[in-house]
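S.K.:
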Amino acid sequence: VQLQASGGGLVQAGGSLRLSCAASGTIFSINALGWHRQAPGKQREFVAQITRGGNTNYASSVKSRFTISKTNAMNTVYLQMNNLKPEDTAVYYCSAFALGENYWGHGTLVTVSS
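Using this note's numbering, read the sequence shown as starting at 1 and increasing by one per residue.
(1) Touching or not, the segment 52-65 and the segment 91-107, by the rule of three or more beta carbon pairs under 8 Å?
(2) If you measure between the beta carbons of T111 and L17, is that distance less than 7 Å?
(3) Count the other CB atoms within 10 Å of the CB of Q49; is the residue buried (16 or more) or exposed (fewer)?
(4) On the DSSP bridge assignment, give the partners of N102 in chain order.
(5) Alpha carbon to alpha carbon, what distance is there between E45 and A90?
(6) Does the structure place the segment 80-90 close enough to the segment 22-31 that three or more beta carbon pairs sit under 8 Å?
(7) Residues in its own chain within less than 8 Å of Y92 by CB, not counting five upstream and five downstream?
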């Protein structure tokens, strides 16, 4: 499974961004798609996940502000981010869980200015 994220950029606090991640390869094997992020000097942390069946899970820090969605074909996952805060500044990575393994794409940088 190969993943390519896009959509990052610079936004002011309170603004919105939509990240996209295109999956290719053995898409049929993907059970879940998700997003993690890594802020400068911090460990990578979970942000959101969506299963093939559409069940979602969010980190408490982003719940009610971020929305994860996907295509039925499981070839694209989105992260709609609203009411962004400076503490959301991080490199965002998309992930896929398939055949018992986690796959990672290259990150996309989100910078939120105060």
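Quick reminder that beta carbons are idealized off the backbone N, C-alpha and C, glycines included.
No experiment lies behind these values; they were computed from the predicted model shown.
M.R.: According to the structure shown:
(1) no
(2) no
(3) buried
(4) F97
(5) 10 Å
(6) no
(7) A5, G8, L19, W35, H36, R37, V47, L79, G107, T108, L109, V110
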